[in-house]
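Notes follow once the structure below has been shown.
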Amino acid sequence: MEKRKLGFAMSMVLAAGTILGACGGGGEEADNTGGGSGSGESDKFTVGMVTDVGGVDDKSFNQSAWEGLQAFGEENNLEKGPDGFDYIQSKSDADYKTNLNTAVRNGFDLTYGIGYKLKPAIEEVAKQRTDSQFAIVDDVVEGLDNVTSITFKEHEGSFLVGVVAGLQTKTDKVGFIGGIESALIDKFAGGFEAGVKAVNPDADVVIEFAGAFDKADKGQQMASAMYSSGADIIYHAAGGTGNGVFSEAKSLKQKDPSKEIWVIGVDRDQAEEGKVTVDGKEYNVTLTSMVKRVDLAVQDVATKAQNGEFPGGEVTEYGLEADGVSISPTQDNLTEESKAAVQEWTDKIKNGEVEVPTVPSGK
Amino acid sequence: MFKNWTVLAVPVISVLLGLLAGALIMLVSGNNPTAGYMALWNGAFGDSFYTGETLRQMTPYVFAGLAVAFAFRTGLFNIGVEGQLLVGWLASVWVGLAFELPKIIHLPLAILAGAAAGAAWGFIPGFLKARLRVHEVIVTIMMNYTALHITNHFIRDVISDGADATDPVRETASLQSAFLQSITDFSSLHNGIYLAVIAAIIMWFMLEKTTLGYELRAVGYNQHASEYAGMNVNRNIVLSMVISGAFAGIGGAMQGLGTFGNMFINSGFSGIGFDGIAVALLGGNTAIGVVLAALLFGALKVGSLNMPIESGVPNELVEIVIALIIFFVASSYMITWLLGRLKKKEAK
Chain A
842 MEKRKLGFAM
852 SMVLAAGTIL
862 GACGGGGEEA
872 DNTGGGSGSG
882 ESDKFTVGMV
892 TDVGGVDDKS
902 FNQSAWEGLQ
912 AFGEENNLEK
922 GPDGFDYIQS
932 KSDADYKTNL
942 NTAVRNGFDL
952 TYGIGYKLKP
962 AIEEVAKQRT
972 DSQFAIVDDV
982 VEGLDNVTSI
992 TFKEHEGSFL
1002 VGVVAGLQTK
1012 TDKVGFIGGI
1022 ESALIDKFAG
1032 GFEAGVKAVN
1042 PDADVVIEFA
1052 GAFDKADKGQ
1062 QMASAMYSSG
1072 ADIIYHAAGG
1082 TGNGVFSEAK
1092 SLKQKDPSKE
1102 IWVIGVDRDQ
1112 AEEGKVTVDG
1122 KEYNVTLTSM
1132 VKRVDLAVQD
1142 VATKAQNGEF
1152 PGGEVTEYGL
1162 EADGVSISPT
1172 QDNLTEESKA
1182 AVQEWTDKIK
1192 NGEVEVPTVP
1202 SGK
Chain B
90 MFKNWTVLAV
100 PVISVLLGLL
110 AGALIMLVSG
120 NNPTAGYMAL
130 WNGAFGDSFY
140 TGETLRQMTP
150 YVFAGLAVAF
160 AFRTGLFNIG
170 VEGQLLVGWL
180 ASVWVGLAFE
190 LPKIIHLPLA
200 ILAGAAAGAA
210 WGFIPGFLKA
220 RLRVHEVIVT
230 IMMNYTALHI
240 TNHFIRDVIS
250 DGADATDPVR
260 ETASLQSAFL
270 QSITDFSSLH
280 NGIYLAVIAA
290 IIMWFMLEKT
300 TLGYELRAVG
310 YNQHASEYAG
320 MNVNRNIVLS
330 MVISGAFAGI
340 GGAMQGLGTF
350 GNMFINSGFS
360 GIGFDGIAVA
370 LLGGNTAIGV
380 VLAALLFGAL
390 KVGSLNMPIE
400 SGVPNELVEI
410 VIALIIFFVA
420 SSYMITWLLG
430 RLKKKEAK
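In order, the protein sequence lines correspond to chains A and B. Under our numbering, the first sequence has 909 at position 68, and the numbering climbs by one with no breaks. Under our numbering, the second sequence has 274 at position 185, and the numbering climbs by one with no breaks.
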């Protein structure tokens, strides 16, 4: 008897599901077709972006690029969606080509590939779809007129946060945690090291790599080892792995609020990530962040392309001059001395007095 | 007769229930299930390009599924398909880079290298199980991690000089096919799809039509009875893991020589080996079942990429649908019981 009731209840649930499913479908379908038909013949300039596996909410460059697209969309009265601006997320490395093709098929006038991992896919798809325009962020695709490359002078921004670290370290020992060792991450490490040494030649810079951009637990372990070995400031260039560095710093702060330990954020202003409350008192372990304005660059290239000035086949390198890289607007934890020094070195880099290295000294 | 019918009914009903439950979740979360599934279908089979991508995605799934199914028929749980796939991927790319040979030798050699590497990775847990009775689940899981880190080390420091990806394999070792690309509008479909079908036929033939296959299955049914009947159980355990590993290794070669044409540093598992377990389960551990289940998984994975842009439904939802399908297959007892009830009612 019990069993029969259960069976009956289950079939009722399923039947209800089928009916509800059919209802929901019918209702909204009308809206969809309405929206679709209106936009088919529009002459708006549409843009799309394909993320790497980090996803659009990675609190790092994918998210920043998306913010740039949103700003571009707002400026030009575009709507989010296939007829305005939209993103496509990749869930594995095999998805890049499929997603780029989906973007092309959808008819975006310009498609961004976010991150150096998309380089081979963009190269291949751009050769096949010669009528579409592409842009790659963080890497260089050469010899194709329908691809423009956007890179940043991360070493310059990293130099500035290095200056801050060199001046504000109490232990004369600072750490660097990179994601995967590569030419790109070497730029962060090299600039940071040079910045520290420029203002504090005696300081020790420990450079380590986590081997992944999405392993917060690994980042936490490495940060724990670095802090206990005497480093008091850690600069991370490790995407999601870096979130572990923040967790470690925050938990140390929670155990002992008098301890002076800091994290330097990357890509975006990460002041938000460093907030910690101990006994009702607020602290922030984020010393400063090296901000890479992927959003500005994405918006800039989209605007150029819209005006028919698509820089195809060219490499645009965004540095300190165009605010492509800078130190974060949140400067609560900086001393007056550091602020002045940052200004001084910014000028020196801008007028070419200082050439910032793009690899760490050991290489 | 009735038994055969339920064998087919359980996976089919599980898939339907999974899709239905997915529709319910879409509805509850304020999305439109019809639009969502339309987008899924369009993204998987909407035109020749997407069909090509689906078949491309299906290829390694077939191999991973066959690997799991083959071991399972001998009563072994090969959780190490992921690791065997990675070493196979590496070995095939390495051979594809290192030698300069005519295509007719080079391509088979590269694929065989993948098979050999996968087989070697399967041999270790098989040997430990046969000799020391170490449980293969533990060993294979551990060896997944070993494979991940060893392959990463080889890519960075042995094959390349500190780079995070190898060079593309030589043209003579590539599975990529201009013909398949031209009929599927530049999808990344490659010749590996033929190999996947051939592999499924080989597995079916080996298990069902040869003495070796009979012995392997017998060991799977009952080790003690097989031993009593004079079969060498230990030899069969090792052999089963080796063959299973070889299937997985070729699956890796499909990625290395076909889909990507190189290998890169993996920060985590590709997931294909683990999905292979689900494919084998859904396919009832039979060759034809694995091929069909792999097609379904390929379609779901590729089609899901199209869902957010076309219908606004988050593609994570497909992961939920997949999980539910697995859940329903795993609880197949529930479905057979329900079918039994229906049957009884009809009889009344």
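All C-beta atoms, glycine included, are put in the ideal place defined by N, C-alpha and C.
Query raised in the report: Would you say residue 1222 of chain A faces chain B, with C-beta separation under 8 Å as the test?
Result: Nothing can be reported for residue 1222 of chain A: it is not among the residues displayed for chain A, which extend from 842 to 1204.
Query raised in the report: Terminal residues of the continuous alpha helix (DSSP H) containing residue 968 of chain A?
Result: For the purposes of this step, residue 968 of chain A is identified with residue 127 of the first sequence, where counting begins at 1. First-last of the alpha helix (DSSP H) with residue 968 of chain A: 960-969.
Query raised in the report: Between the Cα of residue 385 of chain B and the Cα atoms of B:319, B:287, B:265 and B:140, which residue gives the shortest distance?
Result: In the second sequence, residue 385 of chain B corresponds to position 296, counting from 1. Ranking the options by Cα distance to residue 385 of chain B, first place goes to B:140.
Requested in this report: Identify, in the order they occur along the chain, each residue of the same chain with its Cβ nearer than 6 Å to the Cβ of residue 358 of chain B, setting aside the five sequence neighbours on each side.
Outcome: By one-based count along the second sequence, residue 358 of chain B stands at place 269. Counting only Cβ-Cβ distances below 6 Å, and skipping sequence neighbours, we find 171.
Query raised in the report: For the beta strand (DSSP E) that contains residue 1048 of chain A, what are its first and last residues?
Result: In the first sequence, residue 1048 of chain A corresponds to position 207, counting from 1. Here the beta strand (DSSP E) through residue 1048 of chain A covers 1045-1050.
Report task. Report, in whole angstroms, the separation of the C-beta atoms of residue 342 of chain B and residue 203 of chain B, which I expect to be a contact under 8 Å. Result -> Taking the second sequence and counting its residues from 1, the one referred to as residue 342 of chain B is at position 253. Taking the second sequence and counting its residues from 1, the one referred to as residue 203 of chain B is at position 114. 3 Å between Cβ atoms; contact.
Requested in this report: Mark residue 907 of chain A as exposed unless 16 or more other C-beta atoms lie within 10 angstroms of its C-beta, in which case mark it buried.
Outcome: The residue given as residue 907 of chain A occupies position 66 in the first sequence. It is buried - the Cβ of residue 907 of chain A has at least 16 other Cβ atoms within 10 Å.
Report task. Would you please state the rounded distance, in angstroms, between the beta carbons of residue 179 of chain B and residue 206 of chain B? I believe it to be under 8 Å. Result -> Reading the second sequence from its first residue, position 90 is the one you call residue 179 of chain B. Reading the second sequence from its first residue, position 117 is the one you call residue 206 of chain B. Right, the Cβ-Cβ distance comes to about 7 Å (below 8 Å), so this counts as a contact.
Query raised in the report: What does a CB cutoff of less than 8 Å around residue 1029 of chain A pick up in its chain, not counting 5 residues either side in sequence?
Result: Taking the first residue of the first sequence as 1, we reach residue 1029 of chain A at position 188. The residues are 995, 996, 999, 1017, 1019, 1076, 1078, 1107 and 1131.
Query - Sequence ranges, beta strand (DSSP E) only - wholly within the stretch 1117-1146 of chain A, length at least 3 - result: Entirely contained in the stretch 1117-1146 of chain A, the beta strand (DSSP E) runs reaching 3 residues are, in chain order, 1122-1125 and 1127-1133.
**Report entry** Of the listed residues B:191, B:339, B:332 and B:107, nearest to residue 122 of chain B (C-alpha basis)
**Finding:** The count along the second sequence starts at 1 and reaches residue 122 of chain B at position 33. The residue with the shortest Cα to Cα distance from residue 122 of chain B is B:107.
Report task. Taking C-beta pairs closer than 8 Å, name the residues in chain B that residue 1108 of chain A reaches, listed in chain order. Result -> Within the first sequence, residue 1108 of chain A is the residue found at index 267, counting from 1. Neighbours of residue 1108 of chain A on chain B: none; closest Cβ ~18 Å, over 8 Å.
**Report entry** Alpha-carbon spacing of residue 167 of chain B relative to residue 331 of chain B, whole angstroms
**Finding:** Position 78 of the second sequence, counting from 1, holds the residue named residue 167 of chain B. Position 242 of the second sequence, counting from 1, holds the residue named residue 331 of chain B. Looking at the two C-alpha atoms, the distance is approximately 11 Å.
Query raised in the report: When the Cβ atoms of the stretch 1131-1151 of chain A are set against those of the stretch 1160-1178 of chain A, are three or more pairs found closer than 8 Å?
Result: yes
Query raised in the report: Tell me, which residues are paired with residue 921 of chain A by DSSP?
Result: In the first sequence, counting from the first residue as 1, residue 921 of chain A sits at position 80. In the DSSP output, where bridge partners are listed per residue, residue 921 of chain A has A:926.
Requested in this report: Could you give the DSSP three-state label for residue 1200 of chain A: helix, strand or coil?
Outcome: Here residue 1200 of chain A corresponds to residue number 359 of the first sequence, with the count starting at 1. The answer is coil: DSSP assigns residue 1200 of chain A none of H, G, I, E or B.
Query raised in the report: residue 391 of chain B CB to nearest chain A CB: under 8 Å?
Result: For this step, residue 391 of chain B is matched to residue 302 along the second sequence. For residue 391 of chain B, the answer is yes, since a Cβ of chain A falls inside 8 Å of its Cβ.
Report task. Report the rounded CA-to-CA distance for residue 306 of chain B versus residue 1083 of chain A, giving the unit in angstroms. Result -> Here residue 306 of chain B refers to the residue found at position 217 when the second sequence is read from its first residue. Here residue 1083 of chain A refers to the residue found at position 242 when the first sequence is read from its first residue. One Cα belongs to residue 306 of chain B, the other to residue 1083 of chain A, and the distance between them is close to 50 Å.
Query raised in the report: What do you get for residue 192 of chain B, buried or exposed, if any count of 16 or more other CB atoms within 10 angstroms of its CB means buried?
Result: Position 103 of the second sequence, counted from the first residue, corresponds to residue 192 of chain B. Exposed: under 16 other Cβ atoms inside 10 Å.
Query raised in the report: Between the stretch 148-164 of chain B and the stretch 365-380 of chain B, are three or more C-beta pairs nearer than 8 Å?
Result: yes
Query raised in the report: Ordered along the chain, which non-local residues of its own chain (more than five positions away) have a Cβ less than 7 Å from that of residue 255 of chain B?
Result: In the second sequence, residue 255 of chain B corresponds to position 166, counting from 1. Closer than 7 Å at the Cβ level, and outside the excluded window around residue 255 of chain B, lie 182, 186, 244, 248, 249, 351 and 352.
Report task. Could you say which of B:175, B:104, B:199 and B:190 lies nearest to residue 232 of chain B if we only look at CA atoms? Result -> By 1-based counting over the second sequence, the position of residue 232 of chain B is 143. Looking at B:175, B:104, B:199 and B:190, the one whose alpha-carbon comes closest to that of residue 232 of chain B is B:175.
Requested in this report: Report the residue ranges of all alpha helix (DSSP H) runs contained in full by the stretch 933-1010 of chain A; include only those spanning at least 4 residues, in chain order.
Outcome: 936-947, 960-969 and 995-1009
Query raised in the report: Is it the case that the Cβ atoms of residue 252 of chain B and residue 380 of chain B are separated by a distance below 8 Å?
Result: Locating residue 252 of chain B in the second sequence gives position 163, counting from the first residue. Locating residue 380 of chain B in the second sequence gives position 291, counting from the first residue. No, they are not a contact pair.
Query raised in the report: How many angstroms separate the CA atom of residue 1007 of chain A from the CA atom of residue 993 of chain A?
Result: Numbered from 1 along the first sequence, position 166 holds the residue referred to as residue 1007 of chain A. Numbered from 1 along the first sequence, position 152 holds the residue referred to as residue 993 of chain A. About 23 Å.
Report task. May I ask you to report which of helix, strand or coil DSSP gives residue 881 of chain A? Result -> Start at 1 with the first residue of the first sequence, and residue 881 of chain A comes out as number 40. Reliability of the predicted coordinates at residue 881 of chain A is poor, the pLDDT of 42 falling under 50, and the value obtained from them is presented with this limitation in mind. In this structure, residue 881 of chain A counts as helix in the three-state DSSP scheme.
Query raised in the report: Buried or exposed: which applies to residue 943 of chain A, given that a residue is buried once 16 or more other Cβ atoms fall within 10 Å of its Cβ?
Result: Within the first sequence, residue 943 of chain A is the residue found at index 102, counting from 1. Buried.
Query raised in the report: Between the stretch 267-279 of chain B and the stretch 1034-1052 of chain A, do three or more beta carbon pairs fall short of 8 Å?
Result: no
Report task. Please name the residue, chosen from A:1055, A:887 and A:959, that lies closest to residue 940 of chain A on a Cα-to-Cα basis. Result -> Here residue 940 of chain A refers to the residue found at position 99 when the first sequence is read from its first residue. For the residues A:1055, A:887 and A:959, the minimum Cα distance to residue 940 of chain A belongs to A:959.
Report task. Starting from residue 1158 of chain A, follow its DSSP beta bridges and name the residues at the other end. Result -> Numbered from 1 along the first sequence, position 317 holds the residue referred to as residue 1158 of chain A. According to DSSP, residue pairing for residue 1158 of chain A in a beta bridge involves A:992.
Query raised in the report: So with Cβ pairs under 8 Å, would you call residue 146 of chain B a contact of chain A?
Result: Along the second sequence, one-based indexing puts residue 146 of chain B at 57. Put simply, the CB of residue 146 of chain B is near chain A, with a gap under 8 Å to one of its CB atoms.
Query raised in the report: Would you report the Cα separation of residue 209 of chain B and residue 1149 of chain A, rounded to the nearest angstrom?
Result: Numbered from its first residue, the second sequence carries residue 209 of chain B at position 120. Numbered from its first residue, the first sequence carries residue 1149 of chain A at position 308. Straight-line Cα distance between these residues: approximately 57 Å.
Report task. Please determine, among B:355, B:260, B:429 and B:201, the residue with the shortest C-alpha to C-alpha distance to residue 338 of chain B. Result -> Position 249 of the second sequence, counted from the start, is the residue given in the question as residue 338 of chain B. Nearest of B:355, B:260, B:429 and B:201 to residue 338 of chain B, Cα basis: B:201.
**Report entry** Proximity to residue 981 of chain A [Cα-Cα], best of A:899, A:963, A:1092 and A:1117
**Finding:** The residue labelled residue 981 of chain A in the question sits at position 140 within the first sequence. Of the candidates A:899, A:963, A:1092 and A:1117, the one whose C-alpha sits nearest the C-alpha of residue 981 of chain A is A:963.
Query raised in the report: For residue 1201 of chain A, which residues in chain B fall below 8 Å Cβ to Cβ?
Result: As a first step, residue 1201 of chain A is located in the first sequence; it is residue number 360 there, counting from the start. Per Cβ cutoff of 8 Å: no residues; residue 1201 of chain A is ~13 Å from chain B at best.
**Report entry** Validate contact between the stretch 1176-1183 of chain A and the stretch 1141-1155 of chain A using beta carbons, cut 8 Å, 3 pairs
**Finding:** The answer is no - the stretch 1141-1155 of chain A does not touch the stretch 1176-1183 of chain A, with fewer than three Cβ pairs under 8 Å.
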